[in-house]
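*Asks:* For any residue, its number in our numbering is found by taking its place in the sequence shown, counting from 1, and adding 42. C-beta atoms are modelled at their ideal positions from N, C-alpha and C, and glycine is treated no differently. Computed from a predicted structure; not experimentally measured.
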Amino acid sequence: MSDSMYASINKNNTVAQKCSTDAPDVCVLEATDADEHADNLRDWQQQYDQVSHGPFHGKIEELSSQHLHVFREHTSQSVRQQCNVWSNSVWLGFAANGQSCRINGQQVNHQQLMVRPGDTQFELVTPEQFDIYGIVINLDALS
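#1: Would you say the segment 133-145 touches the segment 89-103, given that touching needs at least three Cβ pairs under 8 angstroms?
#2: What does a CB cutoff of less than 6 angstroms around Glu-170 pick up in its chain, not counting 5 residues either side in sequence?
#3: Does DSSP classify Ala-73 as helix, strand or coil?
#4: Return the residue from the list Pro-159, Gln-89, Cys-143 and Gly-147 that minimises the CA-CA distance to Gln-153.
#5: Our contact map puts Asn-126 next to Gln-87 with C-beta atoms below 8 angstroms; I'd like the distance itself, whole angstroms only.
#6: Give me, in chain order, the residues of the same chain whose beta-carbon lies closer than 8 angstroms to that of Val-150; leave out the 5 immediate sequence neighbours on both sides.
#7: Taking the beta strand (DSSP E) that Gln-149 falls in, what are its first and last residues?
#8: Are there 16 or more other CB atoms within 10 angstroms of the CB of Glu-165, so buried, or fewer, so exposed?
#9: Grouping DSSP H, G and I as helix and E and B as strand, with all else coil, what is Glu-165?
#10: From the DSSP output, in three-state form, read off Asn-82 for me.
#11: Classify Thr-168: buried if its beta carbon has 16 or more other beta carbons within 10 angstroms, exposed otherwise.
#12: Alpha carbons only, please: which of Glu-78, Ser-185 and Asn-180 is nearest the one belonging to Ser-106?
#13: Check the C-beta distance from Arg-111 over to Asp-173 and give it rounded, since I have them as a contact under 8 angstroms.
#14: Classify Leu-184 as helix, strand or coil using the three-state DSSP reduction.
#15: Looking only at C-alpha atoms, which of Arg-158, Gln-124 and Asn-139 sits nearest to His-79?
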């Protein structure tokens, strides 16, 4: 384990690695439960509901610092996500693998950019085997 990670025990009594919040570094987190996966995105308030059948596997690869969070997220099953990114920020997201999704009920094709302000709840519904890139920027860093 690198200096930027620490281990914890999750609700299934297995060891889960979490990323440190004090050093910008690449971190990879994996989960076999949609709720645990939702908790893995740093500083987000969110809830995931798996809407397709079968075993879940989620993976987040991220780089995070005080003013910037860049990540790639994979979900193996279709999920409904209730999302809320941190205050005083903006989120940009786009599909990484050519699939479409829905944000607040509106269809988004794989060539479109999704943008949501911080501290504002939104719903994202994604298909099976979905990959998304996300960037969250603290607005203070832009001024």
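*Replies:* If we stick to the structure as given:
#1: no
#2: Ser-94, Gln-119 and Ser-120
#3: strand
#4: Cys-143
#5: 4 angstroms
#6: Ala-137, Ser-142, Cys-143, Arg-144 and Met-156, listed in sequence order.
#7: 148-150
#8: Exposed.
#9: strand
#10: helix
#11: buried
#12: With distances taken between Cα atoms, Ser-106 lies closest to Asn-180.
#13: Per the sequence shown, the amino acid found at residue 111 is His instead of Arg. So it is not a contact: roughly 17 angstroms between Cβ atoms.
#14: helix
#15: Nearest option by C-alpha distance: Gln-124.
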